[in-house]
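Undergrad: No gaps in the numbering here: position 178 of the sequence shown is 178 in the UniProt record's numbering, and each next residue is one more. Backbone N, C-alpha and C define an ideal beta-carbon position, used for all residues, glycine too. This structure is a prediction, so every number in the text was calculated from the model and none was measured.
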Amino acid sequence: ILCTLHAPKNPQNWSTGRKLFITTQICLLNFGIYIGSSIYTPGEPSVMEEFGVSEVVATLGLSLFVLYIDLGYGLGPMLFSPMSEVPTIGRSRIYFWTLFLFVLLQLPTGYASNIEMLLVFRFLSGFFGGPVLATGGATIIDIDPPADIPYVIGIFGACGVLGPVFGPLVGGFASQAKGWRWTIWELAWLCAVVLIMLFFFMPETNSSNILYRRAQRMRQSTNDLSFKSQSEIDVAEVTAKGSIVTLSRAFTLTFTEPVIFFVDLYCGLLYGILYLWFVSFPVVFGDIYGFNTSQQGLVFLGIFVGGIVTLPCYLAWIRSYIVPRFSQPPVKPEVILPPTLLGALALPVCLFWYGWTSNATIHWMAPLVGSSLFTISIITLFMPVLSYLGMAYPYHAASVLAGNTLFRASCGIVFPLFARALFRNLGVGPANSLLGGLSILFIPVPFILLNYGERMRRRSKNATHNV
1 ILCTLHAPKN
11 PQNWSTGRKL
21 FITTQICLLN
31 FGIYIGSSIY
41 TPGEPSVMEE
51 FGVSEVVATL
61 GLSLFVLYID
71 LGYGLGPMLF
81 SPMSEVPTIG
91 RSRIYFWTLF
101 LFVLLQLPTG
111 YASNIEMLLV
121 FRFLSGFFGG
131 PVLATGGATI
141 IDIDPPADIP
151 YVIGIFGACG
161 VLGPVFGPLV
171 GGFASQAKGW
181 RWTIWELAWL
191 CAVVLIMLFF
201 FMPETNSSNI
211 LYRRAQRMRQ
221 STNDLSFKSQ
231 SEIDVAEVTA
241 KGSIVTLSRA
251 FTLTFTEPVI
261 FFVDLYCGLL
271 YGILYLWFVS
281 FPVVFGDIYG
291 FNTSQQGLVF
301 LGIFVGGIVT
311 LPCYLAWIRS
321 YIVPRFSQPP
331 VKPEVILPPT
341 LLGALALPVC
351 LFWYGWTSNA
361 TIHWMAPLVG
371 SSLFTISIIT
381 LFMPVLSYLG
391 MAYPYHAASV
401 LAGNTLFRAS
411 CGIVFPLFAR
421 ALFRNLGVGP
431 ANSLLGGLSI
441 LFIPVPFILL
451 NYGERMRRRS
461 KNATHNV
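Next comes the structure, spelled out in structure tokens:
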């Protein structure tokens, strides 16, 4: 007897209020974990002093946490996110247990007695913190209709952008007043609150898992073993080879689908520059303008304010242009891409402006305003392409988004490690010009996707043709 999903139990049919509450939880989770990637950076000087290490070693505290952006928020989701698509596991278990371990690992991190202990537990924290983020986009696709997905993913993605920006602001005051360890305690308290919310209020949104558990309940209540969910029937036919294919899907899709590969590469550049700036701001506003640690944290408000201004404009565009298009299906996923053209042009402008106005003879507001343009670029680039990946590959959304994190992660690790040497050897202006030149090379990517994306998708057996 095949169990089906009744309308009230279907996540797509849940009330607007319930969907909003679920979205709020995953946005808070996204924001909190991303704060953790950068909250440590204002405390790097005190880490150097306490443990007697170099700048590069101290910066590893950022890079090894962002190595959740390679093994944690990179390779970790490559494993855990496909697992969330397995009907017997679901998404809620992945959310809770990985976040639980993340919070628990803040204790040995905060009590680290040497640099080796600090770096190891920062790495492990990232490994278990990252997977809960990559699954968030899949949850949105579980509960929201296609017309709302770009709107909701825009908000979710903005939390992932503004979280790292907000981290140095919070961490700057804590590290100056109490030392670097207090940045870790702030992170633990914030994520513990989110963990409690998830434990009590986060329902399962994967429809396959909901059906699997319904079939289990029916068998227990009726003693009739013939009740089955479609996923159980499918699992019975899965071979060992099929299981390997499922777990490796994030890797295979990333490196065999041209659309995914080039989008991921561009996102990697964006996040590399963002995390590089966590190191460049102390060089510019500390060394050049003489700001103290707390004041250096405040300058990240330039990027934050840029996001607060840009995000409503982006969401208004979605509401007025994208949502009405879904009333006349079919809709091509490329419909979400026009803002990326603005973002591709804004990125090099931002880098050249910030680099060549960072001078003691020029008021500090000039580079601060230049840095705010970065948020225009990252929101109008990152948000649409995240939605595009989800719309183009809806059946493998968690795996595709996990692959996206691998590229963001890799650049997020490497860029901060050479940042200080780059800025001090080349100078702030030439170093940003180098990055600006690199971003110019990527300008054709959104134009190619907008004009040829449909053709590339039609050649793929994994992509959908229309929404």
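So residue 296 and residue 281 are in contact, right, with Cβ under 8 Å, and what is the actual spacing, rounded?
TA: Here residue 296 is taken as the residue at index 296 of the sequence shown, counted from 1. Here residue 281 is taken as the residue at index 281 of the sequence shown, counted from 1. Yes, they are in contact, since the Cβ atoms of residue 296 and residue 281 sit about 6 Å apart, within 8 Å.
Undergrad: Classify residue 144 as helix, strand or coil using the three-state DSSP reduction.
TA: The residue given as residue 144 occupies position 144 in the sequence shown. Correct three-state label for residue 144: coil.
Undergrad: If I measure Cβ to Cβ from residue 101 and keep anything under 7 Å in the same chain, skipping five residues before and after, which residues do I get?
TA: Within the sequence shown, numbered from 1, the residue matching residue 101 stands at position 101. 128, listed in sequence order.
Undergrad: How about residue 428 and residue 372: do their beta carbons lie closer than 8 Å?
TA: For this step, residue 428 is matched to residue 428 along the sequence shown. For this step, residue 372 is matched to residue 372 along the sequence shown. Going by C-beta atoms, residue 428 is not nearer than 8 Å to residue 372.
Undergrad: Are the CB atoms of residue 207 and residue 359 nearer to each other than 8 Å?
TA: Along the sequence shown, read from residue 1 onward, the residue named residue 207 stands at position 207. Along the sequence shown, read from residue 1 onward, the residue named residue 359 stands at position 359. Cβ atoms of residue 207 and residue 359: not closer than 8 Å.
Undergrad: Could you give the first and the last residue of the continuous alpha helix (DSSP H) run that contains residue 354?
TA: The residue labelled residue 354 in the question sits at position 354 within the sequence shown. Where residue 354 is concerned, the enclosing alpha helix (DSSP H) stretches over 339-357.
Undergrad: When the distance is taken between beta carbons, is residue 323 closer than 8 Å to residue 180?
TA: Mapped onto the sequence shown, residue 180 falls at position 180. Mapped onto the sequence shown, residue 323 falls at position 323. No, the Cβ-Cβ distance between residue 180 and residue 323 is not below 8 Å.
Undergrad: How long is the line joining the alpha carbons of residue 176 and residue 415, rounded to whole angstroms?
TA: Numbered from 1 along the sequence shown, position 176 holds the residue referred to as residue 176. Numbered from 1 along the sequence shown, position 415 holds the residue referred to as residue 415. If you take the alpha carbons of residue 176 and residue 415, they lie about 25 Å apart.
Undergrad: Alpha carbon to alpha carbon, what distance is there between residue 121 and residue 12?
TA: Counting from one through the sequence shown, the residue named residue 12 turns up at place 12. Counting from one through the sequence shown, the residue named residue 121 turns up at place 121. Taking the straight line from one Cα to the other gives about 39 Å.
Undergrad: For residue 265, I'd like the list of residues in its chain whose CB is within less than 7 Å of its CB, leaving aside the five on either flank, ordered along the chain.
TA: Sequence index remark: in the sequence shown, residue 265 carries index 265 (1-based). Excluding positions up to five away in sequence, the list reads 407.
Undergrad: Which residues in the same chain as residue 385 place their Cβ atom closer than 6 Å to its Cβ, once the five residues preceding and following it in sequence are excluded?
TA: Mapped onto the sequence shown, residue 385 falls at position 385. So the list reads 263, once near-sequence residues are dropped.
Undergrad: Kindly indicate the opening and closing residues of the alpha helix (DSSP H) around residue 205.
TA: As a first step, residue 205 is located in the sequence shown; it is residue number 205 there, counting from the start. Element bounds for residue 205: n/a, residue is neither H nor E.
Undergrad: Return the Cβ separation of residue 334 and residue 454 in integer angstroms, given the expectation that the two are a contact with Cβ distance under 8 Å.
TA: Numbered from its first residue, the sequence shown carries residue 334 at position 334. Numbered from its first residue, the sequence shown carries residue 454 at position 454. The Cβ separation is near 6 Å, so the contact holds.
Undergrad: Looking at C-beta atoms only, is the number of pairs between the region 17-35 and the region 187-199 that lie closer than 8 Å three or more?
TA: Yes, they touch.
Undergrad: Is there contact between the region 136-145 and the region 99-119, where contact requires at least three CB pairs shorter than 8 Å?
TA: The answer is no - the region 99-119 does not touch the region 136-145, with fewer than three Cβ pairs under 8 Å.
Undergrad: Alpha carbon to alpha carbon, how far is residue 215 from residue 3? Give it in angstroms, no decimals.
TA: Counted from its first residue, the sequence shown places residue 3 at position 3. Counted from its first residue, the sequence shown places residue 215 at position 215. Unreliable positioning characterises residue 3 in this predicted model, as indicated by a pLDDT of 49, which lies under 50. A coordinate reading is not provided.
Undergrad: For residue 150 and residue 315, what's the separation of their Cα atoms in angstroms?
TA: The sequence position of residue 150 within the sequence shown is 150, counting from 1. The sequence position of residue 315 within the sequence shown is 315, counting from 1. Straight-line Cα distance between these residues: approximately 9 Å.
Undergrad: Under DSSP, the alpha helix (DSSP H) around residue 468 begins and ends at which residues?
TA: Nothing about residue 468 can be reported from this structure: the residues present for the chain run from 1 to 467 only.
Undergrad: Taking Cβ to Cβ, would you say residue 394 is nearer than 8 Å to residue 464?
TA: Within the sequence shown, the letter at position 394 stands for residue 394. Within the sequence shown, the letter at position 464 stands for residue 464. Cβ atoms of residue 394 and residue 464: closer than 8 Å.
Undergrad: Mind checking residue 279: buried by the 16 CB within 10 Å criterion, or exposed?
TA: Indexing the sequence shown from 1 puts residue 279 at position 279. Its Cβ being crowded by 16 or more others within 10 Å, residue 279 is buried.
Undergrad: Which value, in whole angstroms, describes the spacing of the CA atoms of residue 123 and residue 188?
TA: As a working note, residue 123 is residue 123 in the sequence shown. As a working note, residue 188 is residue 188 in the sequence shown. One C-alpha to the other measures close to 15 Å.
Undergrad: Around the C-beta of residue 203, are 16 or more other C-beta atoms found within 10 angstroms, so that it is buried, or is it exposed?
TA: Position 203 of the sequence shown, counting from 1, holds the residue named residue 203. Flag for residue 203 reads exposed.
Undergrad: Is residue 443 helix, strand or coil by DSSP?
TA: Taking the first residue of the sequence shown as position 1, residue 443 is located at position 443. Residue 443 falls in the coil class under three-state DSSP.
Undergrad: In chain order, what are the residue ranges of uninterrupted beta strand (DSSP E) at least 3 long that sit wholly in the region 105-162?
TA: Runs found: none.
Undergrad: Report the residue from 430, 420 and 387 whose alpha carbon sits nearest the alpha carbon of residue 145.
TA: Position 145 of the sequence shown, counted from the first residue, corresponds to residue 145. The shortest Cα separation from residue 145 among 430, 420 and 387 belongs to 387.
Undergrad: With distances taken between CB atoms, is the gap from residue 170 to residue 186 smaller than 8 Å?
TA: Indexing the sequence shown from 1 puts residue 170 at position 170. Indexing the sequence shown from 1 puts residue 186 at position 186. Their beta carbons are under 8 Å apart, which means residue 170 touches residue 186 by this criterion.
Undergrad: Using the Cβ count rule (16 or more neighbours within 10 Å means buried), how would you classify residue 328?
TA: As a position in the sequence shown, residue 328 is number 328, starting the count at 1. Exposed, by the Cβ-count rule.
Undergrad: According to DSSP, is residue 292 helix, strand or coil?
TA: The residue labelled residue 292 in the question sits at position 292 within the sequence shown. In this structure, residue 292 counts as coil in the three-state DSSP scheme.
Undergrad: By a C-beta neighbour count over all protein chains shown, 10 Å radius and 16 as the cutoff for buried, is residue 399 buried or exposed?
TA: Indexing the sequence shown from 1 puts residue 399 at position 399. The residue in question, residue 399, is buried, as its Cβ has 16 or more Cβ neighbours within 10 Å.
Undergrad: According to the Cβ coordinates, are residue 283 and residue 420 closer than 8 Å?
TA: Looking up residue 283 in the sequence shown gives position 283. Looking up residue 420 in the sequence shown gives position 420. Yes, they are a contact pair.
Undergrad: Can you give me the C-alpha to C-alpha distance between residue 350 and residue 378, rounded to a whole angstrom?
TA: On the sequence shown, position 350 is the one that residue 350 refers to. On the sequence shown, position 378 is the one that residue 378 refers to. Going by the C-alpha atoms only, they are around 11 Å apart.
Undergrad: What residues in its chain sit with their C-beta under 8 Å from that of residue 158, if we drop five residues either side in the sequence?
TA: The sequence position of residue 158 within the sequence shown is 158, counting from 1. Once the five neighbours on either side are set aside, the close Cβ partners of residue 158 are 307, 311, 379 and 383.
Undergrad: Taking DSSP as the reference, what is the three-state secondary structure of residue 264?
TA: For the purposes of this step, residue 264 is identified with residue 264 of the sequence shown, where counting begins at 1. Correct three-state label for residue 264: helix.
Undergrad: Would residue 87 be called buried (16 or more neighbouring beta carbons within 10 Å of its own) or exposed?
TA: The residue labelled residue 87 in the question sits at position 87 within the sequence shown. Residue 87 is buried by the Cβ-count criterion.
Undergrad: Which term fits residue 106, buried or exposed, when burial requires 16 or more other beta carbons within 10 angstroms of its beta carbon?
TA: By 1-based counting over the sequence shown, the position of residue 106 is 106. So residue 106 counts as buried.
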